[in-house]
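A.B. asks: First, the structure itself, so that you have it in front of you.
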Amino acid sequence: MEKRTVWQARRYLQQAAGAARELIYPRRCPVCDRPVHPAGALICPACEKTLQRVAPPVCLRCGRPIRDLNTGHLCPDCLRIPHVYDRGCAVFVYHSVSGGLFRFKYEGRREYGAFYGKCMADRLRTFCAELDAAKGIRRSYRGPAGTAGRDPVSAGPGSGRMADRASGGMDPRAFFDMLVPVPVSPGRLRQRGYNQALILAQEVSRRTGIPVREDVLYRVSDTRPMKNMGPEERQNNLKKAFQCHGNDVELNSIMLIDDIYTTGATVDACARALYRQGARRVCFLTLAIGDGGQEAE
Ligand SMILES: [Zn+2]
Ligand SMILES: [Zn+2]
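Mind the numbering: the sequence shown is residues 45 to 341 in the numbering used here, read in order.
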């Protein structure tokens, strides 16, 4: 058989297997881990209510909820540590999603990625509207098919927010050229069998049309687990942990994708590698963000 036919046959088999799996093993809920009720949904509506979304006021740099407004627009962390990345956002407060995140990462519950990725894609749209309102990112807008290259940033005052109201969010392709999942080390990939950040990035990509590039960033060394490390120790542990391939990121606006943001050491180390290769802007989008405690990064 020709190579292409083999490839196609394999894809059909995979799709059929996926559909059969859904029938035999119904999708599980990221909160209660029981089959989702009602069937066909990504999460039980009652369970979704237990998740705590990040709500304003948030830190203008890392997107963490700000408890004490006396610190101004930045959280105490960002006042202390000068970050490398430009700006970022997250969907959920860590403690409300930690159980599901653990199963997603360590116990093979990849199926949660569908719900998590949907939430992240939604957050990415509102994040782009925020950037637009702040005129944070200006880029020449190539535009998706059908919008005739209209530039949502320079189309006129307030036009972005109007587009936001009309379509339920900005087109994120106007703001980001690629989604780059934070890579895991080859050792950890063997252990877990998959990179949870890549699963999230693929789901966000499917919903926004921004391509995933998992080939531009790679992890050089197996770093020590950082669960009990302070911010400075984390920064040192990750120095030179990431490297960037080739010059594909040059002048590109990049959205880093990961499951959790804790001190920002991981995102900073990735951003450093990407900026070194000429990236124009590096932001991040994570599923969860810590609200001050020391979560595992
Ligand atoms: Zn549930
Ligand atoms: Zn912050």
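C-beta: ideal position from N, C-alpha, C; glycine also.
Return the chain-ordered ranges of every beta strand (DSSP E) run that is complete within the stretch 57 to 91 and spans a minimum of 3 residues.
C.D. replies: none
A.B. asks: Quick check on the DSSP output: the beta strand (DSSP E) that includes F286 runs from which residue to which?
C.D. replies: Translated into positions along the sequence shown, residue 286 becomes position 242. F286 -> beta strand (DSSP E) spans 286 to 288.
A.B. asks: When the Cα of L331 is compared with those of R54, G107, L57, which residue comes out closest?
C.D. replies: By one-based count along the sequence shown, residue 331 stands at place 287. Closest option to L331, Cα to Cα, is G107.
A.B. asks: Using three-state DSSP, classify K47 as helix, strand or coil.
C.D. replies: For the purposes of this step, residue 47 is taken as the residue at position 3 of the sequence shown. In the structure shown, K47 falls within a helical segment according to DSSP collapsed to helix, strand and coil.
A.B. asks: Quick check: the Cα distance between D335 and I304, rounded to an integer number of angstroms?
C.D. replies: Numbered from 1 along the sequence shown, position 291 holds the residue referred to as residue 335. Numbered from 1 along the sequence shown, position 260 holds the residue referred to as residue 304. Answer to the nearest angstrom: the Cα atoms are 11 Å apart.
A.B. asks: Could you please go through the chain and list the residues whose beta-carbon is closer than 5 Å to any non-hydrogen atom of ligand 1?
C.D. replies: C73, V75, C76, C88, C91
A.B. asks: Using C-beta distances below 7 Å, list every residue in its chain close to G322, excluding the 5 sequence neighbours before and after it, in chain order.
C.D. replies: Reading the sequence shown from its first residue, position 278 is the one you call residue 322. Same-chain partners within the cutoff: N291, V293, E294, L295.
A.B. asks: Give the range of the alpha helix (DSSP H) segment to which R111 is assigned.
C.D. replies: Indexing the sequence shown from 1 puts residue 111 at position 67. Premise fails: R111 is in no alpha helix (DSSP H) and is neither H nor E.
A.B. asks: Return helix, strand or coil for G132, following the three-state DSSP convention.
C.D. replies: Translated into positions along the sequence shown, residue 132 becomes position 88. It is a strand residue.
A.B. asks: Is any non-hydrogen atom of ligand 3 found closer than 6 Å to the C-beta of R105, if you look at the structure I gave you?
C.D. replies: No copy of ligand 3 occurs in the structure displayed; its ligands are ligand 1 and ligand 2 alone.
A.B. asks: Over the uninterrupted alpha helix (DSSP H) stretch that includes D176, give me the two end residues.
C.D. replies: For the purposes of this step, residue 176 is taken as residue 132 along the sequence shown, with counting starting at 1. D176 -> alpha helix (DSSP H) spans 157 to 177.
A.B. asks: Please go through the stretch 297 to 325 and give each complete alpha helix (DSSP H) segment of 4 or more residues, from N-terminal end onward.
C.D. replies: 309 to 320
A.B. asks: With distances taken between CB atoms, is the gap from M299 to F220 smaller than 7 Å?
C.D. replies: The count along the sequence shown starts at 1 and reaches residue 299 at position 255. The count along the sequence shown starts at 1 and reaches residue 220 at position 176. Yes, the Cβ-Cβ distance between M299 and F220 is below 7 Å.
A.B. asks: For ligand 2, is there a heavy atom less than 6 Å away from the beta-carbon of D121?
C.D. replies: For this step, residue 121 is matched to residue 77 along the sequence shown. Answer for D121: yes, Cβ within range of ligand 2.
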